[in-house]
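Asker:
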Amino acid sequence: MKNLVKILTKKKLKIAFAESCTGGMLASKITAISGASKVFSLGLVTYSNQAKISVLKVNKSIIQKYGAVSPQCCQAMVKNLAKISKAQINVSITGIAGPNGGTKLKPVGLVYIGVKNNNEIFISKNFFKEKNRKAIQKTTVTKTLKIIKSLI
16 MKNLVKILTK KKLKIAFAES CTGGMLASKI TAISGASKVF SLGLVTYSNQ AKISVLKVNK
76 SIIQKYGAVS PQCCQAMVKN LAKISKAQIN VSITGIAGPN GGTKLKPVGL VYIGVKNNNE
136 IFISKNFFKE KNRKAIQKTT VTKTLKIIKS LI
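Numbering (the working numbering), first residue to last: 16 to 167.
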């Protein structure tokens, strides 16, 4: 994370997060770094469907049709976060950290990570096989950081 803060500082970029299944872990990691205030714009935990709809303005029909854990919802989250944050780099995370909530089509460990870098949007579909909730959350944060670094 220190490396990311350095890169963002050097490039004079701001970053914002909208997290669901990670519950603010990404925001917590960045704010633990000295100097993060220069680059960290905003962190939202939109854990419930209602929060995604009311705070991030995700269209209710997207959640009804595709579910909160879907590329469509992840994309809407990151697009609308960018409107709120005005940051150059915006990140959304939605998934199922378990141990409950999984189905055959959407198993525990399914996580979508969205990154909007100015006008480009990248959505990553991931299946994390970790055995517990905390491990899935940590792996999600690690993967998210790798994606962000690869795109900036």
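Backbone N, C-alpha and C define an ideal beta-carbon position, used for all residues, glycine too. No experiment lies behind these values; they were computed from the predicted model shown.
Would you check if the stretch 123-141 and the stretch 94-109 touch, i.e. whether three or more CB-CB distances between them fall below 8 Å?
Answerer: The stretch 94-109, when compared against the stretch 123-141, does touch it at the 8 Å Cβ threshold.
Asker: CA-CA distance, Ala97 and Phe32?
Answerer: Using only the alpha carbons, I get a separation of about 9 Å.
Asker: Going by DSSP, name the residue or residues bridged to Lys140.
Answerer: Paired residue(s): Tyr127.
Asker: Given Ile48, which residues of its chain have a CB within under 7 Å of its CB, disregarding the five upstream and five downstream residues?
Answerer: Closer than 7 Å at the Cβ level, and outside the excluded window around Ile48, lie Met16, Lys17, Val20.
Asker: Determine the extent of the beta strand (DSSP E) in which Ser107 is found, giving its start and end residues.
Answerer: 104-110 is the span of the beta strand (DSSP E), which, as asked, contains Ser107.
Asker: For Lys25 and Gly50, what's the separation of their Cα atoms in angstroms?
Answerer: C-alpha separation (whole angstroms): 12 Å.
Asker: Tell me which residues share the same chain as Arg148 and place their Cβ nearer than 8 Å to its Cβ, disregarding the 5 neighbours each side in the sequence.
Answerer: The answer, listed in chain order, is Ala112, Gly113, Pro114.
Asker: Quick one: Cα of Ala150 to Cα of Ser43, how far?
Answerer: Taking the straight line from one Cα to the other gives about 16 Å.
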